Amino acid sequence: MLRDAVVMAGKDLRIELRSRVATNQVAPFAVLVLILFAFALDPDRGVLARAAAGLFWVAVLFCALLAIQRAFTVEASDGARDNLRLSGLDPAAIFLGKAGAIAAELALLEVILGTGVVLLYNRSLHGPVLLVVTCALATIGLSAAGTVYGALAAGLRVRETLLPLLLLPVVAPVLLAATRASEAALGGTTGDGWPWVRLLGVFAVIYMAFGVVAFGPLLEESS
Amino acid sequence: MDSVVVHLHGAVSLLGRFPALAGVDLDVAAGEVLLVQGPNGAGKTTLLRACAGLVPVVDGEATVLGHDLRKDRRSVRRHLALLGHATGLYDDLTVADNLHFVARSTRHAAAPPVDEVLARLGLAGRLASVQVSRLSAGQRRRVAVASLLLRPAQLWLLDEPHAGLDADGRERLDALIVEASRAGTSVVMASHELERARPLATRIVTMAGGQIHTGTRAEVVGVA
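Line order of the protein sequences matches chains A and B. In terms of the numbering used here, the first sequence has 103 at position 103, counting the first letter as 1, and numbering is strictly consecutive. In terms of the numbering used here, the second sequence has 278 at position 55, counting the first letter as 1, and numbering is strictly consecutive.
Have a look at this one:
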């Protein structure tokens with residue numbers, strides 16, 4: 001199954017490398033969001049600094065929506081989804097591969113956004129381990145939930161507008177927990193952040209397990 | 224009679240509430256090349272997609288390559304190849320990338336190397352490294368035909384296989400169909416290009432209203 005997942009993730013990442021949508025559109029969009037927040041809150045630098053973690057994760061969430069939409073749009077063109085169903089790849093491996101590719105893109109975007117937060121919002125980092133673990137678990141959770149709901153919406157005509165409606169309420173706990181844990185990492189009170197990291201871990205495990213089990217029927221029913 | 228590869232008896236498939244297959248009876252033997260002809264909306268595409276396990280059969284008997292499609296329509300898919308109206312290619316990948324993905328995902332040990340497949344379809348050289356989005360419709364079709372050779376197929380399901388291909392592409396496809404049939408692969412082909420498809424067929428059936436009307440080749444050709 002892992003071999004199939006690597007094949008699937010390799011294909012998705014190759015598509016992104018060739019099309020350059022992630023680098024030429026999603027990454028600039030992410031930076032633009034940070035800059036707009038900075039413009040909106042600039043008169044009060046204190047508010048901007050205090051809200052930095054939340055703004056970072058809202059920007060990540062917007063980028064995740066774009067990456068998830070993109071991951072399923074490529075399967076919708078010219079019957080590619082049927083070929084995927086005929087390929088012989090294990091549906092669980094397709095799920096892991098797609099989620100893995102989305103997670104890799106998000107991780108890259110988080111590095112860019114993190115750099116932007118440090119430069120634009122004037123924040124320093126006091127708990128690097130907590131921040132890295134927070135980002136890793138939140139990224140896995142967002143990717144797994146996004147892949148599940150992306151597949152659910154993929155077969156529908158209104159998928160572009162439906163996906164945010166389905167996904168954003170579901171990932172609200174990720175936004176909350178990742179923001180609190182990141183605030184703790186940025187503020188130097190790392191002990192306050194670990195309980196939120198546990199919540200992120202539980203969310204990631206639940207959606208990874210759910211995706212592995214449910215992706216096959218989802219792929220069939222949404223076709 | 225040779226071993227039966229496709230067995231349908233009273234098979235019913237629905238598109239929404241509409242019975243696109245309304246009690247189909249059909250047997251296809253190993254190595255047989257079956258041409259399914261009929262007007263638009265007769266159910267030819269649904270028949271092929273049902274045999275591929277992409278459309279559920281909700282009533283009747285449906286066995287393909289020994290797999291009961293009523294119980295499990297997923298496991299049969301890795302043993303067959305479908306060339307549909309759509310090419311199933313990824314626009315942002317190159318021709319070679321697309322075929323390498325098919326080869327890796329099907330894990331067909333006896334499949335020819337991708338380079339050999341590219342050469343057989345006239346896609347070798349510069350064309351192999353061109354993004355699919357930059358190809359003409361006919362070239363895209365050639366790539367889709369090439370992907371047939373990379374699948375471990377005991378059964379080829381071809382929906383309007385000649386559509387969009389130029390004269391050279393059609394010659395190459397015809398040669399592949401004859402070769403596959405000689406190697407024991409069964410071919411079920413739906414086509415409106417009867418002058419092209421009839422000489423390839425060992426048997427012809429006509430579909431209308433979601434049902435198959437059988438007869439001898441001479442009778443059916445005479446009727447169509």
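We put the beta carbon where it would ideally sit given N, CA and C, even for glycine. Given the structure is predicted, the values throughout are model-derived calculations rather than measurements.
Assignment of residue 377 of chain B by DSSP, reduced to helix, strand and coil, places it in the coil class.
Proximity of residue 92 of chain A to chain B, defined by a Cβ-Cβ separation below 8 Å, is not satisfied. At a Cβ-Cβ threshold of 8 Å, residue 200 of chain A and residue 114 of chain A do not count as neighbours. Leaving aside the five residues that flank residue 173 of chain A on each side, the residues in its chain whose CB is nearer than 8 Å to its CB run, in chain order, 199, 203. DSSP lists B/251, B/287 as the bridge partner or partners of residue 229 of chain B. Within 8 Å of the CB of residue 408 of chain B, no CB atom of chain A is found; the nearest one sits about 16 Å away.
By the neighbour-count criterion, in which 16 or more other beta carbons inside 10 Å mark a residue as buried, residue 267 of chain B falls on the buried side.
The beta-carbon of residue 334 of chain B is placed no less than 8 Å from the nearest beta-carbon of chain A. Around the beta carbon of residue 91 of chain A, a 10 Å sphere encloses 16 or more other beta carbons of the protein chains shown; the residue is thus reported as buried.
Checking the DSSP bridge columns, you'll see residue 429 of chain B partnered with B/260, B/436. Look at residue 18 of chain A: its C-beta is under 8 Å from a C-beta on chain B. Between residue 318 of chain B and residue 342 of chain B a beta carbon distance of about 12 Å is seen, past the 8 Å cut, so the two are scored as non-contacting.
The C-alpha of residue 49 of chain A lies about 55 Å from the C-alpha of residue 298 of chain B.
Taking each of A/145, A/110, A/153 in turn and checking the Cα distance to residue 132 of chain A, the smallest one comes out for A/110. Considering only B/305, B/338, B/348, the residue with the shortest C-alpha distance to residue 378 of chain B is B/305. Using beta-carbon distances, residue 192 of chain A does not count as an interface residue toward chain B, since no partner is under 8 Å. Residue state for residue 171 of chain A is assigned as coil, using DSSP reduced to three classes. Of the candidates B/370, B/345, B/398, the residue whose Cα lies closest to the Cα of residue 307 of chain B is B/370. By the neighbour-count definition (other C-beta atoms within 10 Å, threshold 16), residue 127 of chain A is a buried residue. For residue 192 of chain A, the CB contacts under 7 Å within the same chain, skipping 5 residues up- and downstream, are 184 in chain order. For residue 362 of chain B, no Cβ of chain A is located within less than 8 Å of the residue's own Cβ. The alpha carbon of residue 414 of chain B has as its nearest neighbour, out of B/423, B/248, B/406, B/408, the alpha carbon of B/423.
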